[in-house]
Amino acid sequence: MTLTEKILAKKAGRPEVKPGEFVLVDVDLGFANDLTGPPAIKEFEKYGDKVFAPEKVALIPDHFTPCKDIDSAGLVRILREFSRKQNISRFYEIGRMGVEHALLPEEGLILPGTIVIGADSHTCTHGALGAFATGVGSTDLAFFLLTGKAWFRVPETIAVEFSGKLPEWVGGKDLILYLISKTGVDGARYKAFEFIGPVISGLPVDDRFSMCNMTIEAGAKNGIIAPDRITMDYLRHVNPDWVNSHPDFTLNPDPGVIYSKKIEIDVSKLEPFVAAPDLPSNGYPVSQLSDVKLDQVLIGSCTNGRISDLKIAAGILKGKKVAKNLRLIVIPATQKIWQEALDDGYLKTFVESGAAVSTPTCGPCLGGHMGVLAEGEVALSTTNRNFVGRMGHPRSKVYLSSAAVAAASAITGYITHPSSI
Amino acid sequence: MKLKGKTWKFGDNINTDLIIPARYMTAYEAAELGKHCMEDADPEFSKKIQPGDIIVAGENFGCGSSREHAVLALKGAGISAIIAKSFARIFFRNAINTGLPIIESPEAAATIKEGAEIVIDLTAGQIKNLTENQHFAIKEFPEFLTKIVENGGLLRWATKEKKEPIK
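Sequences listed follow chains A and B, in order.
In terms of this note's numbering, the first sequence opens at residue 4 and continues consecutively.
In terms of this note's numbering, the second sequence opens at residue 344 and continues consecutively.
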């Protein structure tokens, strides 16, 4: 069996599962945010009054927070009151939170071999730590609140093997944008991506999160990387108790496993990659987009708002200024990352360059607040989606890139290869 | 289960930001969301829809966000079913979970034109295009999913079922 099949089989209580089969599984962690939580809660309350396993629930107000208007404040209040009523301790208050897919791993809540569901499409991020993690709707979440379970159809798995030597400035975000440019936005529809190969084995955990985060943009059900030494080192940092009680934990696909498809990518000749409007699959090497003029650059989000992204960006921006007629918005993805960026001097660098530094929020990624676009504006963003109207006006445009390309572009005002700074 | 309505055609990759822009997502009731359905594609769309109308679309319908608000917006606008060449996976499960019939039929989706009067017969497994006198067979739907849709959604089905439905 593949990694995904193994996890689903175990949690369904079966010795084996095959693609196409339906399973009902025990879920280890289920969560929602300020937009998807309230409808889930309202649906749950029609059918039950006691959450099945409150210790397995997390509620994170991250999309329209700090609350952008009265209605948004009402949504967060629903999460807050429900948490109190149901003894859900994992409600993360403003000032002590982060964007959900950066926060939950940091809290040590994402473990290999577990099933994680979130009422948010980028839940697939957590496959980076070897979990089966997938996005679901509010009704799925309500069903989980009621029963502690979820239904799934077992997906086929596409293996993507990355080999060769990673060029300078090429990281996880570039690899996933490149892959999606090859598959298209539905090339992996209903399938699991399993990332393998020597490049993956050496890839830092933040890059793994970026890669798995965007698997949904190829239509995938989930993305997953087998836990290895890098995974365990990260887990030792965020959940030492679990590592101490599972010192010999391994989870690998079966030897001789047959995948439904295998894609081989040699990274040695790759350049930083950028997705042009209006699809995440519309990718180009960065050097082909050098005459795209920008109005806004955003560095942040569950895709690339982590400390290593901020470190790279600060390294490029140090001593430099943001281009005239361009605004740079930097959003560290969690309170801890914000603190670390402050302590390491990155926030000072950003502010001195002329950037706006924000408290953690998803805000502008989905055109919510904290950097919405007007008609005709063009943005470059380290986020994960650039459909029409994604970041604001239907006639605004969004390009997607890594933090390195974003930082370099903020200096020149055009889409820029980091090596030219 | 039979559904009859007039068709509205859409292309490929109709994504959730198009179906219901995030700026409206402080609401989550179908009626309110329905007013803004497809607004960035056609500001008048929700006003043009008659209750019972059916969408016919291309590949990867509903791609993008997990927002169930997209299904609610379509229902709220009056859409009773969606026929598409293929569906994005989270939208697919949201439609099933909330009891909105969805049919994957590349042939029907390619052939049926806008403004056609059609009948979807889920029990017989057939789509009839009354305007052009065409018939399309619907590929058999997994039993587990049919049960959820017929019962009006996941939670209604779950609370009716007394024992574990899948062994």
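Heads up, the beta-carbon is just placed ideally off N, CA and C, and yes, glycines get one too.
Query: For H412(B), which residues in the same chain have their Cβ closer than 7 Å to its Cβ, ignoring the five residues on either side in sequence?; Result: I363, M368, Y371 and L376
Query: Per DSSP, what kind of secondary structure is S293(A) in: helix, strand or coil?; Result: coil
Query: Going by C-alpha distance, which of G303(A), I418(A) and V375(A) is nearest V295(A)?; Result: I418(A)
Query: Quick check: is any heavy atom of the ligand MN less than 8 Å from the C-beta of E402(B)?; Result: In terms of ligand content, the structure shown is empty, and the ligand MN therefore cannot be addressed.
Query: Check each residue of the region 349–368 of chain B: if its Cβ is closer than 9 Å to any Cβ of chain A, include it; give the result in chain order.; Result: D355, N356, N358, T359, D360, L361, P364, A365, R366 and M368
Query: How would you label S404(A), buried or exposed, when you count the other beta carbons within 10 angstroms and need 16 or more for buried?; Result: buried
Query: The beta strand (DSSP E) that contains K25(A), what's its start and end?; Result: In the sequence on display, residue 25(A) carries Phe and not Lys. Element bounds for F25(A): F25 to D29.
Query: What residue ranges within the region 241–304 of chain A form continuous alpha helix (DSSP H) runs of no fewer than 4 residues, ordered along the chain?; Result: 243–248
Query: Is the beta carbon of D189(A) sitting closer than 9 Å to the one on G222(A)?; Result: yes
Query: I'd like the list of long-range same chain contacts for S399(A), defined as Cβ closer than 8 Å, with 5 residues on each side in sequence excluded.; Result: L376, A377, E378, G379, E380, V381, A382 and G392
Query: Which residues, taken in chain order from the region 186–199 of chain A, show a beta carbon closer than 8 Å to some beta carbon of chain B?; Result: V188, D189, R192 and Y193
Query: Could you run through the region 303–330 of chain A and flag, in chain order, every residue whose CB is less than 7 Å away from some CB of chain B?; Result: none
Query: Could you give the DSSP three-state label for N358(B): helix, strand or coil?; Result: strand
Query: With distances taken between CB atoms, is the gap from A365(B) to H66(A) smaller than 9 Å?; Result: yes
Query: Could you give the distance in angstroms between the alpha-carbon of K510(B) and the alpha-carbon of E24(A)?; Result: The predicted model places K510(B) with a pLDDT of 38, which falls under 50 and marks its position as unreliable; any figure quoted below should be read in that light. Distance between the alpha carbons of K510(B) and E24(A): 11 Å.
Query: Mind checking the region 368–386 of chain B against chain A and listing, in chain order, the residues whose C-beta falls within less than 7 Å of any C-beta there?; Result: M368, T369, Y371 and D383
Query: CA-CA distance, H478(B) and V360(A)?; Result: 59 Å
Query: Look at the Cβ atom of V401(A), then the Cβ atom of P280(A), and state whether they are nearer than 9 Å.; Result: yes
Query: Would you list, in chain order, the members of the region 430–455 of chain B that have their beta-carbon closer than 8 Å to a beta-carbon of chain A?; Result: A431, R432, I433, R436, N437, N440 and T441
Query: Do the CB positions of T350(B) and A459(B) come within less than 9 Å of each other?; Result: yes
Query: Could you say which of I481(B), A452(B) and R432(B) lies nearest to G155(A) if we only look at CA atoms?; Result: Sequence check: residue 155(A) is Phe here, not Gly. Of I481(B), A452(B) and R432(B), the residue nearest in Cα terms is R432(B).
Query: By the DSSP assignment, the alpha helix (DSSP H) with Q338(A) in it spans what residues?; Result: Q338 to D346
Query: V391(A) touches chain B at which residues, Cβ-Cβ below 9 Å?; Result: N358, D360, L361, D383 and A384
Query: Using 8 Å as the cut-off, can you tell me whether the region 28–45 of chain A makes contact with the region 80–90 of chain A, which would need three or more C-beta pairs spanning the two stretches below that distance?; Result: yes
Query: List, in order along the chain, the chain A residues whose C-beta lies closer than 9 Å to that of L417(B)?; Result: Those within 9 Å of L417(B) in chain A number zero; the least Cβ separation is about 13 Å.
Query: Of the residues that make up the region 335–356 of chain A, which ones have a beta carbon closer than 9 Å to any beta carbon in chain C?; Result: The chain inventory of the structure shown lacks chain C, comprising the protein chains A and B.
Query: For the candidate residues L149(A), G133(A), S141(A) and V202(A), whose alpha-carbon lies nearest to that of A195(A)?; Result: G133(A)
Query: When burial is assigned at 16 or more other CB atoms within 10 Å of the CB, is E328(A) buried or exposed?; Result: A small correction: the amino acid at residue 328(A) is Asn; Glu does not occupy that position in the sequence shown. Classification for N328(A): exposed.
Query: In whole angstroms, what is the alpha-carbon distance linking K378(B) and I426(B)?; Result: 22 Å
Query: Am I right that P158(A) and Y193(A) are in contact with their C-beta atoms under 8 Å? What's the rounded C-beta distance?; Result: 6 Å
Query: State yes or no: is the beta carbon of P64(A) nearer than 9 Å to at least one beta carbon in chain B?; Result: no
Query: With DSSP run on the structure shown, which of helix, strand or coil describes N225(A)?; Result: strand
Query: Using the Cα positions of N90(A) and S248(A), report the straight-line distance between them to the nearest angstrom.; Result: 27 Å
Query: Just to confirm, are P335(A) and L313(A) a CB contact at a threshold of 9 Å?; Result: yes
Query: Is it the case that the region 38–45 of chain A contacts the region 331–348 of chain A, given that we only count it when at least three CB pairs across the two stretches are under 8 Å?; Result: no
Query: Tell me the DSSP secondary structure of D464(B) in three-state form.; Result: strand
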